[in-house]
Amino acid sequence: MEQKNILNRLKDMQSKYGYLPEDKVRKLSDETGLPVVKIYSMASFYSMFSFDKKGKNVVRICSSPSCYLKGSLNVLDEAKKILGIDVGETTKNKRFTLELTSCIGCCDKAPAIMINDELITNVTKGKLKKLLK
Numbered sequence: 005m006e007q008k009n010i011l012n013r014l015k016d017m018q019s020k021y022g023y024l025p026e027d028k029v030r031k032l033s034d035e036t037g038l039p040v041v042k043i044y045s046m047a048s049f050y051s052m053f054s055f056d057k058k059g060k061n062v063v064r065i066c067s068s069p070s071c072y073l074k075g076s077l078n079v080l081d082e083a084k085k086i087l088g089i090d091v092g093e094t095t096k097n098k099r100f101t102l103e104l105t106s107c108i109g110c111c112d113k114a115p116a117i118m119i120n121d122e123l124i125t126n127v128t129k130g131k132l133k134k135l136l137k
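Counting from 1 along the sequence shown, just add 4 to a position and that's the residue number in my numbering.
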């Protein structure tokens, strides 16, 4: 099976479950004949794939130089405070996961974040408080 097809199957799996469950990756390995380690290697190359279950809402804060210079660290600190978690963690109620991400292409409207697939620009502490209610 071509790498492209494997990646499409992984993308579908990620969309369906919110992460790549180990049992589903093993099933894909059985179906394709590719070793599990090869599939994990392919998936770990791309930041869009996760091996851990995430919260319902994934908050990604841009850490690019432009966002950093425009206050993304303040936004990150505020998100940690509001959610009571650190980067890479999920709230106990499974509502939010907090992550850092590299440039999301909105340098002219920094600082920028993403909540799930929604891009939010010119983020302030006040704006963030409203978004994370």
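Heads up, the beta-carbon is just placed ideally off N, CA and C, and yes, glycines get one too.
Separation of residue j from residue i, as counted between CA atoms
i, j, result
"P39", "I86", "42 angstroms"
"I65", "N12", "26 angstroms"
"I89", "Y44", "27 angstroms"
"K28", "N97", "25 angstroms"
"Y21", "D121", "16 angstroms"
"D16", "K113", "31 angstroms"
"G109", "M118", "11 angstroms"
"V91", "K84", "8 angstroms"
"C111", "K74", "9 angstroms"
"K8", "G130", "42 angstroms"
"D81", "C107", "18 angstroms"
"Q18", "K42", "17 angstroms"
"L14", "K60", "19 angstroms"
Sub-9 angstroms separation of residue i and residue j beta-carbons
i, j, result
"V62", "E103", "yes"
"V79", "L123", "no"
"A116", "T128", "no"
"L136", "F100", "yes"
"I10", "M52", "no"
Supposed close pair residue i, residue j - CB separation, criterion 8 angstroms
i, j, result
"T94", "K58", "6 angstroms"
"L24", "F49", "About 13 angstroms; that fails the 8 angstroms criterion."
Can you find at least 3 beta carbon pairs, one from the stretch 66-73 and one from the stretch 17-36, that sit closer than 8 angstroms? no
Contiguous alpha helix (DSSP H) assignments of at least 4 residues, all confined to the stretch 64-114: 69-73, 76-87
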